[in-house]
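Q: Structure provided below as structure tokens; questions to follow.
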Amino acid sequence: LKVMQQETWRRDKLWENTLRFRRGIKKMGLDTMGSTSPVVPIYVGDDEINMLITKDLLSEGVYIATAVFPSVPHNESRLRATITASLSNEEIDFALGKIEDIFKKYNLIN
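Residue numbers (our numbering): 23 to 132.
The structure is reproduced here in structure tokens:
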């Protein structure tokens, strides 16, 4: 609690990073499901495709958690990106680039 009170830059950086990531995802035309938190969902839908995307992202050096049935309704799967204050702009942009490439691979964006 003391750290949060004394080092407000951490909270500011967290929200700056969250906005940067969310804007990048929305710019691709992807659905963040109305999220306003640092845990940003990216709607995929198909459970199997979601698992393939997660695997591909991991092989490219991007770890993003997944939520599939039974955690969410069948075929309403999503990725769950956890944004932190410690991420650099370069790391966020790297992740966004890989997400875009892999979503294109599965024809989920143009």
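Quick reminder that beta carbons are idealized off the backbone N, C-alpha and C, glycines included.
As the structure is a prediction and not an experimental result, all values here were calculated from the model.
1. Using the Cα positions of D123 and R45, report the straight-line distance between them to the nearest angstrom.
2. Please return the same chain residues whose Cβ sits closer than 7 Å to the Cβ of N97, not counting the five positions on each side in sequence.
3. Determine which residues share a DSSP beta bridge with R33 and list them.
4. Give the secondary structure of S99 by DSSP, where H, G and I count as helix, E and B as strand, and everything else as coil.
5. Taking 9 Å as the threshold (C-beta atoms), are T40 and S59 in contact?
6. How is G46 classed by DSSP in three states: helix, strand or coil?
7. With H, G and I counted as helix, E and B as strand and the rest as coil, what does DSSP make of G67?
8. Using the C-alpha atoms, what's the distance from M26 back to R33?
9. Can you find the residues in the same chain that come closer than 7 Å, C-beta to C-beta, to I71, ignoring five residues on each side of it along the sequence?
10. From R100 to T30, what distance separates their C-alpha atoms?
11. Using a Cβ distance threshold of 8 Å, determine whether the region 43-57 contacts the region 77-96, with at least three qualifying pairs required.
A: Looking at the coordinates:
1. The residue labelled residue 123 in the question sits at position 101 within the sequence shown. The residue labelled residue 45 in the question sits at position 23 within the sequence shown. A straight-line Cα-Cα distance of about 17 Å links D123 and R45.
2. Here the question's residue 97 lines up with position 75 in the sequence shown. Excluding five sequence positions before and after N97, the CB atoms of its chain that fall closer than 7 Å to its own CB belong to G67, D68, D69, given in chain order.
3. Counted from its first residue, the sequence shown places residue 33 at position 11. DSSP, once it has assigned bridges, lists no residue as partnering R33.
4. Taking the first residue of the sequence shown as 1, we reach residue 99 at position 77. DSSP places S99 in the strand class (E or B) of the three-state scheme.
5. Counting from 1 along the sequence shown, the entry for residue 59 is found at position 37. Counting from 1 along the sequence shown, the entry for residue 40 is found at position 18. Judged by their CB atoms, S59 and T40 are nearer to each other than the 9 Å cut-off.
6. Along the sequence shown, read from residue 1 onward, the residue named residue 46 stands at position 24. DSSP places G46 within a helical segment (H, G or I) once states are collapsed to three.
7. Residue 67 sits at position 45 when you count from the first residue of the sequence shown. The DSSP-derived three-state label of G67 is strand.
8. Counting from 1 along the sequence shown, the entry for residue 33 is found at position 11. Counting from 1 along the sequence shown, the entry for residue 26 is found at position 4. Going from the Cα of R33 to the Cα of M26 covers about 7 Å.
9. On the sequence shown, residue 71 is found 49 positions in, with the first residue counted as 1. Taking C-beta separations shorter than 7 Å and ignoring five residues to either side along the sequence, the partners of I71 in its chain run Y128, following chain order.
10. The residue labelled residue 100 in the question sits at position 78 within the sequence shown. The residue labelled residue 30 in the question sits at position 8 within the sequence shown. In this model, R100 and T30 are separated by some 31 Å (Cα to Cα).
11. Result no; under three Cβ-Cβ pairs closer than 8 Å.
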